[in-house]
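Residue numbers (our numbering): 2 to 350.
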């Protein structure tokens, strides 16, 4: 049965075989039907059976399944790539998830997805449908790992310190976060048919995951230094052993803001929006393309009236804390997933 469905999917996917991006095209009906049968997707559970609208929860699930099946990778090794099975990602998911449904998890509104002990059902909560496409794919593979067990442990450090069940001990545990991290690393390092923005989101997601969801951060211990010469938009990244360089015509003058989620530029010409630098892809990426990377501070900055922007002297955009420096005050805001949403104002005497 599985082989028949996979053959049907392969034949149907020809018209959908384009570069994988955050906003893929319509899912072919024959492919969608195959996924519906394979994972027992219910109309009543996911809402209207819409194969094209990016606002459709059904489309988001179907696109995630297509992405898992259609992904192409090279075989280069990395310390961050941990394979727990010789199966393809799609077979790994299909052999563990007999059903995918909406809702049914315990916990608060921050729960993205879950698998109940002893079940083969992946349950997707409301936050699943609000996160970027790359994170939805990684979440499906993450939850498939929980079908085999591997519960999380309490975090001991970082922004989730003290959080019960928020971390894996390390990569050698081969838990769900290792599977998720491996997907991000394979997309970023070895992905062959992914849009640059999708790969950039995978890189930033890997960084965030290593910083907050492992008791022992698995990131390789290397110093990294980014230098930007605004006279000619010349970017140089030194990783402790090698230099990578890129010449930009997008940002001619501004302030370099290096933060957890990458490197952003606050242009001196405040009529320009902030831009994200992805040095590993040798690219300057528009925040319109990567809003979820920049965080609330940069998103709000780009939406400000141009006349208001010169009042902001500097921007703080850490993983757990965001803020703005004004001539006479500082406004700080905890990350929405960690604490308060409203900014705290501190006047400078």
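Glycine included, C-beta positions come from ideal geometry on N, C-alpha and C.
The model shown is predicted, which means the values in this text are computed figures rather than measured ones.
Annotation: the continuous alpha helix (DSSP H) that includes residue 182 extends over 177-186. Counting C-beta pairs with one atom in each stretch, the stretch 158-169 and the stretch 63-72 have fewer than three that are closer than 8 Å, which means they do not touch. The three-state reading of DSSP puts residue 308 in coil, since its state is none of H, G, I, E or B.
Following the DSSP letters along the chain, one finds residue 101 inside the beta strand (DSSP E) bounded by residues 100-103.
The DSSP-derived three-state label of residue 123 is strand. Annotation for residue 174: 151 place their beta carbon closer than 8 Å to its own, counting only its chain and skipping 5 residues before and after.
Contact between residue 218 and residue 20 is absent: CB atoms are separated by about 32 Å, not below the 8 Å threshold.
Using a 10 angstroms sphere on the CB of residue 61, the tally of other CB atoms reaches 16 or more, which defines it as buried. Residue state for residue 128 is assigned as helix, using DSSP reduced to three classes. Judged by DSSP in its simplified three-state form, residue 267 adopts strand. If you ignore the 5 residues before and after residue 118, its C-beta comes within less than 7 Å of no other C-beta in its own chain.
Where residue 37 is concerned, the enclosing alpha helix (DSSP H) starts and stops at 30-40. Out of 210, 202, 23 and 273, the CA that lies nearest to the CA of residue 305 is found in 273. In chain order, 168 and 178 place their CB closer than 6 Å to the CB of residue 214, counting only its own chain and leaving out the 5 sequence neighbours on each side. Taking 7 Å as the cut-off, the beta carbon of residue 75 is found no closer than this to the beta carbon of residue 196. Counted as a single uninterrupted DSSP element, the stretch harbouring residue 314 is not any alpha helix (DSSP H), since DSSP gives it neither H nor E. In the three-state reduction of the DSSP assignment, residue 210 falls in the helix class, which pools H, G and I. When only Cα atoms are considered, residue 209 and residue 112 end up about 17 Å apart. Distance from the CA atom of residue 158 to the CA atom of residue 202, rounded to whole angstroms, is 24 Å. Using a 10 angstroms sphere on the CB of residue 87, the tally of other CB atoms stays under 16, which defines it as exposed.
A residue is called buried once 16 or more other Cβ atoms fall within 10 Å of its Cβ, and residue 155, having fewer, is exposed. Annotation: residue 327 is outside any alpha helix (DSSP H) and is labelled neither H nor E by DSSP. Taking a contact to require three or more Cβ pairs closer than 8 Å, the stretch 101-112 and the stretch 38-54 qualify as touching. Judged by beta-carbon spacing, residue 81 lies beyond the 7 Å limit of residue 145, meaning their Cβ atoms are not closer than that value.
In the DSSP assignment, residue 21 is bridged to 195.
When C-alpha distances from residue 266 are compared across 316, 34 and 77, the shortest belongs to 316.
The three-state reading of DSSP puts residue 333 in strand, counting E and B together.
The criterion of a C-beta distance shorter than 7 Å is satisfied by residue 116 and residue 147. Residue 313 and residue 334 have their C-alpha atoms spaced approximately 15 Å apart. For the set 38, 91 and 63, the Cα lying nearest the Cα of residue 24 is the one of 63. In the DSSP assignment, residue 70 falls within the unbroken alpha helix (DSSP H) covering 58-71. In the three-state reduction of the DSSP assignment, residue 107 falls in the coil class, being assigned neither a helical nor a strand state.
Partner residues in a beta bridge of residue 51, as assigned by DSSP, do not exist. Taken atom to atom, the span from the alpha-carbon of residue 311 to that of residue 269 is near 9 Å.
In the structure shown, the three-state DSSP call for residue 151 is coil.
Within 10 angstroms of the beta-carbon of residue 192 lie 16 or more other beta-carbons, which makes it buried.
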